[in-house]
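The sequence shown begins at 1 in full-length UniProt numbering and counts up by one. Read through the structure below, which is laid out as structure tokens, and then see the notes.
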Amino acid sequence: MKLRTKRACSTTGVVPTDTVSKRRKTLDEVRQREGNDKLPVVQSALKLHAIRQPYGVTTDHPLPTIQQDSELLVKVQAVGLNPIDWKAPDYNFGIPTLPYISGREYAGTVVQVPATSSTSRPIKVGDLVLIPSTDYRDLRKAAFQEYSVASSFNTIRLPAAISLNSGSILGVAFVSAALTLGICMGLDFSVIESGPDLLNIVRNLDSSSLPTDIQQECLHGINLKERVGAGDYLVIWGASSVCANITTQIARLAGIKIISVVDAAKHGARLSSTKAIVPDLVVDSYDPQRAIQVIKANAGKGGARFGFDTIGKDTARHLLDALATPAPQSSPSSLVEVESTNGTKASERRDSKLPTPPSTPFDASSAGQKSHLVGLTGLPKGDAPKGVVLHSVPIKLYHEVPQVGEALSAWCEQLLAKGLLVPPDVVDTVDGLEGINAGLDRMRRREVSGGRLVAVLK
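Here it is as structure tokens:
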């Protein structure tokens with residue numbers, strides 16, 4: 001029998017803040033001590049013992065231990081199943097050690113609070129939270145176990161109106177979407193409920209605080225003058241995915257125009273009828289060359305400068321062909337120098353407007369703004385045309401830079417509380433850790449789309 005968590009209605013009450021503040025610390029300390037006394041020494045966990053083998057349940061795995069003052073312990077109650085949970089063992093990537101505990105996102109109840117946490121977002125024992133566990137190398141933070149460790153700045157408290165099941169499939173998509181839009185495309189989230197300006201945050205940090213492999217993307221990936229904003233077109237190839245769902249929602253809140261490329265027969269009606277993700281245009285992906293023509297014909301005078309692919313290298317190549325490329329070099333008299341992202345000088349027309357996309361290559365000194373393509377799972381093979389920048393999502397920014405993690409987690413809480421961000425669909429549930437292998441097999445057979453499976457732990 002499948003377990004489902006019903007959505008609870010949001011309720012609020014008025015409590016004198018002075019009375020609460022006098023008792024809160026003492027009560028939390030008492031609950032913390034009582035909770036620790038009741039925690040088991042061992043737990044059940046789902047482990048991968050060999051590549052291309054099913055996961056196996058272990059019943060005597062030690063509880064993960066707190067190692068940092070910012071860490072808390074969560075009782076896992078709902079686990080969102082992601083494609084990487086089956087692709088990583090099948091194709092032997094993203095597995096740093098064996099045996100390995102997987103699982104990238106979950107929701108549950110806080111059972112041990114951190115020694116330090118944000119004063120504006122105090123985390124308490126008993127809070128219902130969702131956790132995007134992007135730090136896949138730290139097995140303490142994995143989702144496929146009964147108890148998991150999380151950093152306070154990667155913890156998102158759930159409002160009462162959102163169920164644990166729905167919360168468990170939101171986290172990774174939200175982080176991926178926010179970093180795609182906020183870092184790779186430069187969207188300033190302050191236009192949406194005073195959200196964070198991620199580019200401003202990371203570019204004002206000491207560069208040594210950023211992981212070396214994402215410094216180029218974070219510090220030089222996009223010129224500030226080329227940032228996406230209201231009225232710009234964003235093409236999402238693979239718009240039926242959960243990550244595309246959240247990307248569409250956030251982009252629409254910022255006034256960005258969305259062109260969704262999907263299997264129209266399978267997903268077109270759902271996209272067009274679901275209020276939170278209705279795009280400006282749905283394009284059928286059945287014939288990629290035809291899709292490219294439709295995009296170019298409907299993306300305005302300047303064409304689409306921003307693209308996000310959620311599928312892979314082949315579709316990313318089609319998306320690359322659909323994006324606008326800057327105009328050929330103009331005469332020197334009509335050009336003015338501007339500083340590029342790497343500090344060199346490029347030229348821009350004084351009277352330039354975004355041109356109709358030509359098929360000619362782009363010279364480094366040509367007019368017009370660059371186009372930007374973000375690949376979630378892969379980028380086109382070979383070099384991109386001049387004037388087009390390829391981006392990979394710097395996902396580790398969320399868990400390795402606390403300033404970014406805290407800013408995004410706090411903003412996500414606000415969007416959820418105000419109903420501005422809607423979780424994707426829970427397609428179905430499986431029972432416990434024991435049911436995860438069967439759920440992943442369904443995903444291998446492509447029986448799950450447009451949402452996520454959730455493993456409900458007893």
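From the three backbone atoms N, C-alpha and C, an ideal C-beta is built for every residue, glycine too. All of these numbers come straight from a predicted model, not from anything done at the bench.
Identity of the residue in the options nearest residue i by Cα
i           : options               : result
residue 189 : 412, 132 and 324      : 412
residue 144 : 119, 131 and 291      : 131
residue 443 : 64, 86 and 67         : 86
residue 39  : 115, 53, 148 and 88   : 148
residue 268 : 315, 172, 286 and 255 : 286
residue 176 : 41, 455, 432 and 408  : 408
residue 292 : 315, 310, 301 and 417 : 315
residue 455 : 421, 431 and 99       : 431
residue 410 : 51, 123 and 41        : 123
residue 218 : 253, 184, 160 and 375 : 184
residue 275 : 429, 440, 245 and 126 : 245
residue 205 : 439, 400 and 448      : 400
residue 376 : 174, 191 and 402      : 174
residue 265 : 99, 253 and 240       : 240
residue 76  : 50, 150 and 288       : 150
residue 159 : 223, 417 and 91       : 417
residue 402 : 117, 92, 223 and 49   : 117
Same chain, Cβ closer than 6 angstroms to residue i, five either side skipped, listed in chain order
i           : result
residue 371 : 305, 323, 324 and 388
residue 45  : 58, 61, 101 and 145
residue 107 : 78, 130, 164, 167 and 168
residue 193 : 414
residue 199 : 186
residue 255 : 230
residue 458 : 432
residue 127 : 110 and 157
residue 379 : 316 and 390
Whole-Å CB distance - residue i paired with residue j, under 8 angstroms assumed
i           : j           : result
residue 181 : residue 251 : 6 angstroms
residue 229 : residue 257 : Wrong, their Cβ atoms sit about 11 angstroms apart, outside the cutoff.
residue 111 : residue 74  : 7 angstroms
residue 404 : residue 201 : 6 angstroms
residue 70  : residue 152 : 5 angstroms
residue 280 : residue 259 : 6 angstroms
residue 179 : residue 398 : 7 angstroms
residue 261 : residue 271 : In fact, because the Cβ distance is near 10 angstroms, the residues do not count as touching under 8 angstroms.
residue 41  : residue 63  : 7 angstroms
residue 52  : residue 99  : Actually they are not in contact, since the Cβ atoms of residue 52 and residue 99 sit about 14 angstroms apart, beyond 8 angstroms.
Where residue i falls, given that 16 or more other Cβ within 10 Å makes a residue buried
i           : result
residue 136 : buried
residue 97  : exposed
residue 154 : buried
residue 238 : buried
residue 157 : buried
residue 211 : exposed
residue 273 : exposed
residue 249 : buried
residue 309 : buried
residue 115 : exposed
residue 22  : Unreliable placement is indicated for residue 22, whose pLDDT of 42 sits below 50; the coordinate value is still reported in the next sentence. Label assigned to residue 22: exposed.
residue 391 : buried
residue 47  : buried
residue 447 : exposed
residue 43  : buried
residue 55  : buried
residue 299 : buried
Sequence-distant residues of the same chain with beta carbon closer than 7 angstroms to residue i, five excluded per side
i           : result
residue 452 : 80, 81, 169, 242, 424, 426 and 427
residue 84  : 94 and 104
residue 501 : Any question about residue 501 goes unanswered here, given that the chain covers just 1 to 458.
residue 295 : 235, 259, 283, 304 and 322
residue 434 : 57
residue 214 : 394, 396 and 397
residue 253 : 192 and 420
residue 422 : 249 and 276
Neighbourhood of residue i by C-beta, 8 angstroms cutoff - its chain only, sequence neighbours within 5 removed
i           : result
residue 333 : Low per-residue confidence applies at residue 333: pLDDT is 34, beneath 50, and the placement is therefore not dependable enough to give any value.
residue 381 : 313 and 317
residue 27  : Because residue 27 sits at a pLDDT of 46, beneath the cut-off of 50, its placement in the model cannot be relied upon, and the following sentence gives the value as read from the coordinates. Once the five neighbours on either side are set aside, residue 27 has no close Cβ partner at all.
Proximity test, residue i beta-carbon vs the ligand FAD heavy atom, cut-off 6 angstroms
i           : result
residue 173 : Among the components modelled here there is no ligand, and therefore nothing to report on the ligand FAD.
Counting only runs that start and end within the region 226–256, where is the beta strand (DSSP E) found for 3 or more residues in a row?
-> The qualifying runs are 233–237.
Along the chain, which unbroken stretches of the beta strand (DSSP E) at least 3 residues long are found entirely within the UniProt domain "Alcohol dehydrogenase-like N-terminal" (69–134)?
-> 71–80, 105–112 and 128–132
Every unbroken alpha helix (DSSP H) inside the region 165–222 [4 residues or more] = 171–179, 198–203 and 215–220
Counting only runs that start and end within the region 258–304, where is the beta strand (DSSP E) found for 3 or more residues in a row?
-> 281–284
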